[in-house]
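If you use full-length UniProt numbering, the sequence shown corresponds to residues 1 to 296, in order.
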Amino acid sequence: MTPDILCIGSVLWDIIGRSPTVMRLGSDVPGRITRLPGGVAMNIAMTLRRFGLTPGLLTTIGRDPEGDELVAACARMGMVTDHIYRSDDLPTDRYMAVEGANGLIAAIADAHSLEASGDKILRPLADGRLGSEEAPWSGLIALDGNLTEPLLAQIAESPLFARADLRVAPASPGKAERLRPLLDHPGATLYVNLEEANILCAAHHPTAPEAAAALLERGAHRVLVTHGGNPCAEGTRGKGVISDRPPEVLVTRITGAGDTFMAAHIVAERRGDPREAALAAALRAAATYVSGEIGS
């Protein structure tokens, strides 16, 4: 089966502890702990499936029991798993987060196996299964910033990605700088929050529209900047910056909201929505997600 979009990056187990109470350093409170398929690439893929698209996964998953469970879960959700790199000597990656009523308290991403695999996850794009240097993949690609900076730099220059519609998301503010090689890629759209945008700008802009304009000035071709419940922005070189405010909702979860926003925006544009409508659709989808009105 040919995927509608390729999701390249982290596919792992999310271990999330959530409590309805306000938490601070050292808090010990009752709550719920869940284990669900996660990772930036996986979260985007799951949202794409909810909108009826078929994503193909390019990632690393270990040949351990946790990895077998994860691949089986991906397949049950209707994702193309044929091109996943299965490592014999690397464990399946994991992400652990703690969330309270006051938002994300702390998180640890153990994506070392993905980083150690390097460009092995890209082999299907070069060996003819999904493309080659002579006939590169020309469709949508969702790319996450859990890849190493050398690999992201390689992707930025690679002929394998020369015709792709690249949609790029950082894994976290701490990894935002990894996206610098892709900043001026002519086919790249960057999805970042305000903190990540300011890291890439090496400046402090108080609003998303200002940060989007600054990224365009620094060479970006297209960016989307979110800012929680505040106005968010989309900027396109030659077309300026537009902004919109997300709907007000009661926030019940945080992890995965940015990935939901990105996936919903991709889907809106794929069906032909203009800029303003696509941004509004993405903000509605993210608000619905954080309110807990749809499944994880």
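Ideal placement from N, C-alpha and C gives every residue a C-beta, glycine not left out. Just so you know, these numbers come straight off a predicted model, no measurement behind them.
What is the DSSP secondary structure of Gly78, counted as helix, strand or coil?
By 1-based counting over the sequence shown, the position of residue 78 is 78. It is coil, neither helix nor strand.
Quick check: what's the CA-CA separation for Gly228 versus Glu134?
The residue given as residue 228 occupies position 228 in the sequence shown. The residue given as residue 134 occupies position 134 in the sequence shown. Gly228 and Glu134: Cα-Cα distance of roughly 42 angstroms.
Mind pulling the beta strand (DSSP E) runs of 3 or more residues that sit fully within the segment 7–72?
Within the segment 7–72, the complete beta strand (DSSP E) runs of at least 3 residues are 12–18, 32–38, 55–58 and 60–62.
Tell whether a beta-carbon distance below 9 angstroms holds between Ile8 and Ile266.
The residue labelled residue 8 in the question sits at position 8 within the sequence shown. The residue labelled residue 266 in the question sits at position 266 within the sequence shown. Not a contact, by the Cβ cut-off of 9 angstroms.
Val223, DSSP secondary structure in three states
The sequence position of residue 223 within the sequence shown is 223, counting from 1. DSSP places Val223 in strand when its eight states are reduced to three.
Select from Leu200, Pro209 and Ser172 the residue whose C-alpha is nearest the C-alpha of Arg218.
Counting from one through the sequence shown, the residue named residue 218 turns up at place 218. When each option's Cα is compared against that of Arg218, the closest is Leu200.
Measure the Cβ-Cβ separation of Leu48 and Asp14 and say whether it is below 9 angstroms.
Indexing the sequence shown from 1 puts residue 48 at position 48. Indexing the sequence shown from 1 puts residue 14 at position 14. No, these two residues do not count as a Cβ contact at 9 angstroms.
Under 9 angstroms between the Cβ atoms of Pro20 and Ala101?
Sequence index remark: in the sequence shown, residue 20 carries index 20 (1-based). Sequence index remark: in the sequence shown, residue 101 carries index 101 (1-based). Yes.
Contact check, Ala197 vs Val241 under 8 angstroms by CB: the rounded distance?
The residue labelled residue 197 in the question sits at position 197 within the sequence shown. The residue labelled residue 241 in the question sits at position 241 within the sequence shown. The Cβ separation is near 12 angstroms, so there is no contact.
Proximal residues to Thr148 (C-beta, below 6 angstroms), its chain only, five neighbours per side dropped:
Taking the first residue of the sequence shown as position 1, residue 148 is located at position 148. If we look at Thr148 and ignore the five residues flanking it on each side, its Cβ neighbours are Glu115.
Here's the rule: buried if 16 or more other CB atoms are within 10 angstroms of the residue's CB, otherwise exposed. What is Arg129?
Residue mapping note: residue 129 aligns to position 129 of the sequence shown, counting from 1. When all chains shown are included, Arg129 counts as exposed.
Where Leu189 falls: helix, strand or coil (DSSP)
Sequence index remark: in the sequence shown, residue 189 carries index 189 (1-based). With the sequence shown as reference, residue 189 is identified as Thr, and Leu is not the correct amino acid for it. Residue state, collapsed to three classes: strand.
Candidates Cys74, Pro91 and Asp89: which alpha carbon is nearest His83's?
As a working note, residue 83 is residue 83 in the sequence shown. Among Cys74, Pro91 and Asp89, the Cα nearest to that of His83 belongs to Cys74.
Checking contacts by CB at 9 angstroms: is Ile266 closer than that to chain C?
The chain labelled as chain C is not found in the depicted structure, where only one protein chain is given.
Could you tell me whether the Cβ atoms of Ala169 and Asp89 are closer together than 9 angstroms?
Position 169 of the sequence shown, counted from the start, is the residue given in the question as residue 169. Position 89 of the sequence shown, counted from the start, is the residue given in the question as residue 89. The Cβ atoms of Ala169 and Asp89 lie no closer than 9 angstroms to each other.
Going by beta carbon distance, what residues of the same chain come within less than 7 angstroms of Leu25, once the five residues before and after it are set aside?
For the purposes of this step, residue 25 is taken as the residue at position 25 of the sequence shown. Once the five neighbours on either side are set aside, Leu25 has no close Cβ partner at all.
Gly235, enclosing beta strand (DSSP E) - first and last residue:
Stepping through the sequence shown from its first residue, residue 235 is reached at position 235. Unbroken beta strand (DSSP E) run through Gly235: Cys232 to Thr236.
Excluding the 5 residues flanking Gly295 on each side, which residues of the same chain have their C-beta closer than 6 angstroms to its C-beta?
As a first step, residue 295 must be located in the sequence shown, where it is residue number 295. Residue placement at Gly295 is flagged as unreliable, the pLDDT there being 49, under the threshold of 50; the coordinate-derived value follows with that caveat. None.
Would you say Val223 and Leu194 are within 9 angstroms of each other, going by their C-beta atoms?
By one-based count along the sequence shown, residue 223 stands at place 223. By one-based count along the sequence shown, residue 194 stands at place 194. Taking 9 angstroms as the Cβ cut-off, Val223 and Leu194 do not qualify as a contacting pair.
Considering only their Cβ atoms, is the gap separating Ile33 from Gly17 smaller than 9 angstroms?
Numbered from its first residue, the sequence shown carries residue 17 at position 17. Numbered from its first residue, the sequence shown carries residue 33 at position 33. It is a contact, given that the beta carbons lie within the stated cut-off.
Would DSSP call Ser243 helix, strand or coil?
As a working note, residue 243 is residue 243 in the sequence shown. Reduced to three states, the DSSP call for Ser243 is strand.
C-alpha gap between Pro30 and Tyr95, whole angstroms
Locating residue 30 in the sequence shown gives position 30, counting from the first residue. Locating residue 95 in the sequence shown gives position 95, counting from the first residue. For Pro30 and Tyr95, the distance between alpha carbons rounds to 20 angstroms.
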